[in-house]
Amino acid sequence: MEIIKCKSYRDLSLQVGIDIEYQVSRNSKLVLGLATGSTPKGVYEYLKSSTVDFSEVRTFNLDEYVGLEPEFNSRLKGKKGYGVPKHKQSYYYFMNEHLFNEVKFKRSFFPGESQSDTYDSLIDACGGIDIQILGIGTNGHIAFNEPGTSRDSLTHVVDLTENTIKDNSRFFDSIDDVPKQATTMGIESIMRAKQIYLLANGKHKKDILEKACYGDITSDIPASYLQEHKNIKVLYCD
Ligand code: GLP
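Structural data, given as C-alpha cells:
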C-alpha cells in the first residue's frame, strides 16, 4: 500500500482526478469503478471540469440500495432519463447529480438485486476495472461489505448493519427511511481491479483507516483486505 497524507481535501481530489484524466487520455476505453458518499465528490467535481473525452469510458458503481434501483424504460432508450431514479437518495441519483449529468460516458452500470449474479461477469466482459475508487465506512466497510464479509465474496445482496444505517440516515428524512439492504460488489470483485484508490477525508476516519492499513487483515475490518492488493494508493486528509 502506498499511503499518502494530503494537505487538504482539494489536494486529495486533484491528485486522483488528474491521474484518472491522464489515464483516460492514454486509454480512451478505460473502465472506471465508482463510489458514492461525500468523499469522492471532489474527484467528480474535477472530472466535470476536464476537457478529456470520456465518451468511450465505461463505469461500474460499487453498490446500490435494494428498493431504490432506477426504473428502466426501454421505450426511452438512448434518451436522457432512460433510467429514472426512484429516490433522491439512490446511488443512481447521486451519480447523475454529481457526475453523469455533465460527463458523458459510454455506459454506466449499477448492481441491482435482480442482476447481482451477473454483475461480475459483466465487469469481466468489459475487460475488468482499470481504476477503482473507494471510500471507507466508519466500521471499516468498503462499498457495502460489512464486517464479517468473506475475502472471496462477489457481488451480492447484504443486510446493512445498524452502524451503517445510522451513519447513512443523515441523508434521509428519518432513520426509518434508510433501506435495510443493498446490492454490493464483493471483496473479490473489488480486489480484481487493476488499480485502487482508497480515500478518506476527516478526523472521524483516522482510527478506522489506521486499523485498515496497519492492523491485522481480518473480516472484522473489510478494508484491511486491501493490504493484499498489489497496486493501491491510500489518500487521506484531516
Ligand atoms: C456508504 C457507501 C460506501 C462509502 C461510505 C462512506 O456507506 N456505501 O461506498 O465509502 O458510505 O461514505 P462517506 O464518503 O460519505 O464517508
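What the sequence shown shows, in this note's numbering, is residues 387 to 624, in sequence order.
We treat Cβ as the ideally placed atom computed from N, Cα and C, and that holds for glycine.
Query, Result
"On the DSSP letters alone, give me the boundaries of the beta strand (DSSP E) that Glu455 sits inside.", "Per DSSP, Glu455 belongs to no beta strand (DSSP E) and is neither H nor E."
"Quick one: what does DSSP say Arg578 is sitting in, helix, strand or coil?", "coil"
"Here's the rule: buried if 16 or more other CB atoms are within 10 angstroms of the residue's CB, otherwise exposed. What is Tyr408?", "exposed"
"Considering Leu448, what are the terminal residues of the alpha helix (DSSP H) in which it resides?", "That residue, Leu448, is in no alpha helix (DSSP H); it is neither H nor E in DSSP."
"Should the stretch 555 to 572 be regarded as contacting the stretch 526 to 544, the criterion being three or more beta carbon pairs within less than 8 Å?", "yes"
"What residues in its chain sit with their C-beta under 6 Å from that of Ser399, if we drop five residues either side in the sequence?", "Gly428, Val429, Tyr432"
"Could you check whether the Cβ of Asp449 sits closer than 7 Å to any heavy atom belonging to the ligand GLP?", "yes"
"Determine which residues share a DSSP beta bridge with Tyr622 and list them.", "Lys391, Ala586"
"Who are the near neighbours of His527 in its chain, counting only those whose CB is closer than 6 Å to its CB and skipping five residues on each side?", "Pro608"
"Counting beta carbon pairs with one atom in the stretch 499 to 510 and one in the stretch 582 to 599, are three or more of them shorter than 8 Å?", "no"
"Less than 7 Å between the CB of Gly572 and some heavy atom of the ligand GLP, yes or no?", "no"
"Could you tell me the distance, in whole angstroms, from the CA atom of Asp553 to the CA atom of Phe480?", "17 Å"
"Quick check: does the Cβ of Ile594 come within less than 7 Å of any heavy atom belonging to the ligand GLP?", "no"
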